[in-house]
Amino acid sequence: MTAGEQKKYVGARVSRVDGPAKVRGEATFAAEHDIPGALHAVLISAACAHGRISRLDTEAARQVPGVLDVFSYQSDGWKMNKLKGYPKGPAGTSLLPFQGPEISYRGEPVALVVAQTLEAARHAALLVETEYEQRPHHATLQAAMDGPLLARKPMPPLGHSRGNAGKVLKGAGHVTERTYDTPTQHHNPMEMHAVIADWDGDERVTIYEPTQWMQSAQGTLAAALGLEPENVHVVSPFVGGGFGSKATSWPHLLVTALAARTLRRPVKLVLTRAQMFAAVGYRAATRSEYRAALDGDRISALELHAHTQTGPADLFPEQVGTVPKMLYDTPNMEFKQTLVQTNAGPNIMMRAPGEASGSFGLEVLMDELAEAAGLDPLEFRRRNHADTDPESGKPFSSKHLLECYDRAAGAFGWQDRTPEPGSMKDGDTLIGWGMATATYPVYASAATARARLHADGRIDIEAGSHDIGTGTYSILAQIAADALGTDLDRVTVKLGDSRLPKNGYSGGSRTAGSVGSAVLAAAQGLRQELVDLAVNDPESPLHGAAPIDIEARDGALHAGTRTDTLSAVLTRAGKTQHEAYREIIPNGGGQKELDALKKGQDGMIQAVTDTHARYSFGAVFVEVRVDPDFMTPRVSRIVGAFDVGQVLNAKTAESQLTGGLIWGVSAALHEQGETDPATGLLLNSNLADYHIPVNADIREVRAITLEGHPDFHTSALGARGAGELGIVGTAAAIANAIHHATGKRIRSTPITVDKLLD
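The opening residue of the sequence shown carries number 1 in the numbering used here; numbering runs sequentially from there.
Next comes the structure, spelled out in structure tokens:
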């Protein structure tokens, strides 16, 4: 809300307004839509990382009762228009499916079986016989760096240089050189990717898909199949998690839509859990090579060369330099990033893309430099605190990192830490305490929304955005209820439909600030128009009142002792409803972002504007317990304090930050995609072998949000978003705690027993 405006719901601990529907099973997710006559599809993925299909025999599959067709590159009429590759276009990859026998990456779609029943489709899929002429492949970052490369692509736009790091490093008395590695990680939201395609003729289609960006499906199908975007209706009211994988469209959308148009029947496809590991992106593996010099207690120079994995055709950078470029007051900095192409398929955003992996190396290095300087890790970070953005030279829109340090350290009890590794014990169990800094850029988007008042006092809020499990339904309802002075249960939020007012994708922790600001503008616009109706109506108790003196509360407009209900204002005007539509452009944006949004593009506004650098900040403190005989690390306590501007919903913000901290545990100790070097295929494409933490792995977790620091440079609400900040730095804090407990410095994740026993 704007400064000084009274708030009843914004900032409160409000339970999710969509929670009851989910508990009762009334919330309909993509694959649950009951479309009459829908057929079932099963996707067959390539069992080869690089090569050519030499034989594809579908005859036995076609003989299964109930099978209608088996589609592949051999099918007639399946040539598609070319797509611009990501990130210029809306598709996750420009390598379109079923265009020929060539295989460029593991998991590439090979065939689609469509049948009357799911059982028949599954059985037939097992009978499709595929043989490959395999070619040499590089399915991992290490293999691509060790062997003949597909390609190395230096990325100058991602680089950064200030001062003269090379000169300072050359003249330094001691230079610390370290290399840090993070592995591939895979999106595994509870709801798997799915598509239902339902055509009306050959030119109009309704798509039911769990998506973080409805305009992606519109743009992809329009470009590939020659449709008008407005003839692609995307429905996605609820999304069971996305983490970035659902922020774009993948080839399975195209083949499902084409199959449905060919068969003139609705077709439903749900990916398998194994296909979730291969067909919808992943977090790329990274290698960060650092050189650093100290001048007493200050970092005088920092050099970083990063190698990050990407796919065979579409270059998506895991931007590991985002955090090192701006977090500390380092006068001399040199950063360059090289993308290394592999046959692992297209990589994509995954929660805090670049920041989560990039912060690991930087924040472990900070502990190593603190040790070299003879300082406590927290004190060393304080002394290297940046008051202005070192990358751009601009002031921060709002920064309260030092307060985060104070709040988290105090709640954790950091003052009781003894510095020597192995010096803290509970009986025989080794105790380690570590910490790290968190930061995440504040992205924004042009946004639109509509607010509608009905004669009975109900309010509708419409925005073509998404709730991916973060609580968007709730915060938008809270914003509207406060702006219109009504009760929360009188507000209905409508999301997840491409026919609603357009918005960008739900990613980059920007939905709350961007779409929330549009909802605020629409609700305030509706209120002002109702005020104008009342003060100009001779029959209204508010006739002649000054609009500035009128406030909205309890479902009515008030000016001193005079009151007029919202319903009465409409009734006297002879209306059954009244609506207001608003478009907003956040600070740092312009008309071009709004125009892009209206064209179905994203319209993202970057973190550094003409006047300010915009980031959220935090501090994470971790306690680990290590068994001295088996060297098994366990995280027993986490405390994080975060500066995210105005908290819109204390309950959902805490949930998001806590989830990020837990994911940091997963990244530090558990997650890693394991690749078979012979075939290039994943060995652990299931949730039994791809390890993630369970309840027994997570003990005490506390997320603290600072109060009283709204950031109106970033949004009209003063909010900055909390979805991705919690994971940043957490893996490094755990690595630092393990070093404090054992004296072993592990510079690659996950930190497993074998590394600690080595």
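Every residue gets a Cβ at the ideal spot worked out from N, C-alpha and C, and that includes glycine.
For the alpha helix (DSSP H) holding H359, just list the boundary residues, first then last. On the sequence shown, residue 359 is found 359 positions in, with the first residue counted as 1. One point to set straight first is that residue 359 is Ser, not His, in the sequence displayed. If you look at S359, you'll find it in the alpha helix (DSSP H) that goes 355 to 373.
Identify the continuous beta strand (DSSP E) that holds A619 and give its terminal residues. For the purposes of this step, residue 619 is taken as the residue at position 619 of the sequence shown. Going by DSSP, A619 is part of the beta strand (DSSP E) stretching over 615 to 626.
Give the secondary structure of S473 by DSSP, where H, G and I count as helix, E and B as strand, and everything else as coil. What you label residue 473 is simply residue 473 of the sequence shown in a count that begins at 1. In the sequence as displayed, the identity of residue 473 is Tyr instead of Ser. Reduced to three states, the DSSP call for Y473 is helix.
Is there contact here, the stretch 699 to 707 with the stretch 633 to 642, by at least three beta-carbon pairs under 8 Å? Segments in contact, yes.
Assign K88 to one of three DSSP states: helix, strand, or coil. Stepping through the sequence shown from its first residue, residue 88 is reached at position 88. Residue placement at K88 is flagged as unreliable, the pLDDT there being 45, under the threshold of 50; the coordinate-derived value follows with that caveat. For K88, the secondary structure class from DSSP, reduced to helix, strand or coil, is coil.
Opening and closing residue of the alpha helix (DSSP H) in which V753 lies: Within the sequence shown, residue 753 is the residue found at index 753, counting from 1. Where V753 is concerned, the enclosing alpha helix (DSSP H) starts and stops at 753 to 757.
Cβ neighbour criterion (16 or more within 10 Å) applied to K88: The residue given as residue 88 occupies position 88 in the sequence shown. Note that K88 scores a pLDDT of 45, beneath 50, so its modelled location is shaky and nothing firm can be said.
Backbone secondary structure at G410 - three-state DSSP: Here residue 410 refers to the residue found at position 410 when the sequence shown is read from its first residue. In the structure shown, G410 falls within a helical segment according to DSSP collapsed to helix, strand and coil.
Do you know how far the Cα of G504 is from the Cα of G226? Along the sequence shown, read from residue 1 onward, the residue named residue 226 stands at position 226. Along the sequence shown, read from residue 1 onward, the residue named residue 504 stands at position 504. So the alpha carbons of these two residues sit roughly 23 Å apart.
Answer with buried or exposed for R55, where buried requires no fewer than 16 other C-beta atoms within 10 angstroms of its C-beta. In the sequence shown, the residue the question calls residue 55 occupies position 55. When all chains shown are included, R55 counts as exposed.
Helix, strand or coil at Q215 according to DSSP, with G and I counted as helix: Along the sequence shown, read from residue 1 onward, the residue named residue 215 stands at position 215. Of the three classes helix, strand and coil, the one that applies to Q215 here is helix, per DSSP.
Does DSSP classify L706 as helix, strand or coil? Taking the sequence shown and counting its residues from 1, the one referred to as residue 706 is at position 706. Here L706 sits in coil by DSSP.
Mind listing, in chain order, the continuous beta strand (DSSP E) runs of no fewer than 3 residues lying wholly within the stretch 416 to 503? Complete beta strand (DSSP E) runs here, min 3: 424 to 426, 429 to 441, 447 to 454, 459 to 462, 491 to 494.
Can you give me the Cβ contacts of G745 inside the same chain, cut-off strictly under 6 Å, excluding the 5 residues immediately before and after it? On the sequence shown, position 745 is the one that residue 745 refers to. Sequence check: residue 745 is Arg here, not Gly. Only H739 meet the Cβ criterion.
Let me check understanding here. Comparing Cα to Cα, which of G516, A607, D487, A306 lies closest to I584? Residue mapping note: residue 584 aligns to position 584 of the sequence shown, counting from 1. Taking each of G516, A607, D487, A306 in turn and checking the Cα distance to I584, the smallest one comes out for G516.
Could you tell me the distance, in whole angstroms, from the CA atom of A12 to the CA atom of A523? Here residue 12 corresponds to residue number 12 of the sequence shown, with the count starting at 1. Here residue 523 corresponds to residue number 523 of the sequence shown, with the count starting at 1. Their backbone Cα atoms lie some 19 Å apart in a straight line.
With DSSP collapsed to three states, give me the class of L56. Taking the first residue of the sequence shown as 1, we reach residue 56 at position 56. Judged by DSSP in its simplified three-state form, L56 adopts strand.
Whole angstroms is fine: what's the gap from R16's alpha carbon to S655's? One-based indexing of the sequence shown puts residue 16 at position 16. One-based indexing of the sequence shown puts residue 655 at position 655. Across the structure, R16 and S655 are spaced so that their CA atoms are roughly 11 Å apart.
Within 10 angstroms of the Cβ of D389, are there 16 or more other Cβ atoms? Answer buried if so, exposed if not. In the sequence shown, the residue the question calls residue 389 occupies position 389. Buried, by the Cβ-count rule.
A534: which of R510, D554, R562 sits nearest, CA to CA? Here the question's residue 534 lines up with position 534 in the sequence shown. Among R510, D554, R562, the Cα nearest to that of A534 belongs to R562.
Would you please state the rounded distance, in angstroms, between the beta carbons of I727 and G434? I believe it to be under 8 Å. Against the sequence shown, residue 727 aligns to sequence position 727. Against the sequence shown, residue 434 aligns to sequence position 434. Contact flag wrong, Cβ pair sits at about 16 Å.
For F642, which residues does DSSP report across the bridge? Locating residue 642 in the sequence shown gives position 642, where the first residue counts as 1. F642 pairs with G618, T705.
What separation, rounded to the nearest whole angstrom, lies between the Cα atoms of H33 and T256? Here the question's residue 33 lines up with position 33 in the sequence shown. Here the question's residue 256 lines up with position 256 in the sequence shown. For H33 and T256, the distance between alpha carbons rounds to 16 Å.
State the DSSP-derived secondary structure class of K744, mapped to helix, strand or coil. To locate residue 744, count along the sequence shown from 1; it is residue 744. The DSSP-derived three-state label of K744 is coil.
Can you list, in chain order, the residues of its chain whose CB lies under 6 Å from that of R407, leaving out five sequence neighbours each side? One-based indexing of the sequence shown puts residue 407 at position 407. Take R407, set aside five residues on each side of it, and the residues of its chain with a beta-carbon closer than 6 Å to its own are A641, I704, in chain order.
If I follow the unbroken beta strand (DSSP E) through R204, where does it start and stop? Position 204 of the sequence shown, counted from the start, is the residue given in the question as residue 204. Start and end: 204 to 208.
Please list the segments of the beta strand (DSSP E) lying wholly inside the stretch 137 to 206, counting only runs of 3 or more residues, in order along the chain. Runs of the beta strand (DSSP E) inside the stretch 137 to 206: 152 to 154, 160 to 162, 175 to 182, 194 to 200.
Whose C-beta lies closer than 6 Å to the C-beta of D460 among residues of the same chain, with five residues either side of it excluded? Locating residue 460 in the sequence shown gives position 460, where the first residue counts as 1. Excluding its 5 nearest sequence neighbours in each direction, D460 has C-beta neighbours in its own chain below 6 Å: R452, T492, listed in chain order.
Apply the 10 Å Cβ neighbour rule to G374 and answer buried if 16 or more other Cβ atoms are within range, or exposed otherwise. The count along the sequence shown starts at 1 and reaches residue 374 at position 374. Exposed.
According to DSSP, which residues form a beta bridge with H307? Residue 307 sits at position 307 when you count from the first residue of the sequence shown. In the DSSP assignment, the residues bridged to H307 are R287, T338.
If you draw a straight line from the alpha carbon of Q415 to that of L706, how long is it in whole angstroms? By 1-based counting over the sequence shown, the position of residue 415 is 415. By 1-based counting over the sequence shown, the position of residue 706 is 706. Computed Cα separation, rounded: 21 Å.
Can you find at least 3 beta carbon pairs, one from the stretch 187 to 194 and one from the stretch 151 to 168, that sit closer than 8 Å? Segments in contact, no.
What first and last residue would you give for the alpha helix (DSSP H) that runs through H252? As a position in the sequence shown, residue 252 is number 252, starting the count at 1. 251 to 263 is the span of the alpha helix (DSSP H), which, as asked, contains H252.
Determine the extent of the beta strand (DSSP E) in which Y114 is found, giving its start and end residues. Position 114 of the sequence shown, counted from the start, is the residue given in the question as residue 114. First, the residue type needs correcting, since residue 114 is Val and not Tyr in the sequence shown. Secondary structure note for V114: its beta strand (DSSP E) is the uninterrupted segment 109 to 115.
Please confirm if the stretch 55 to 66 is in contact with the stretch 266 to 273, defined as three or more CB-CB distances below 8 Å between the two stretches. Segments in contact, no.
Take Y86 and list the residues in its own chain whose beta-carbon comes closer than 8 Å to its own, dropping the five residues that flank it on each side. Here residue 86 corresponds to residue number 86 of the sequence shown, with the count starting at 1. No answer about Y86 holds up, because its pLDDT of 48 lies below 50 and its placement is not dependable.
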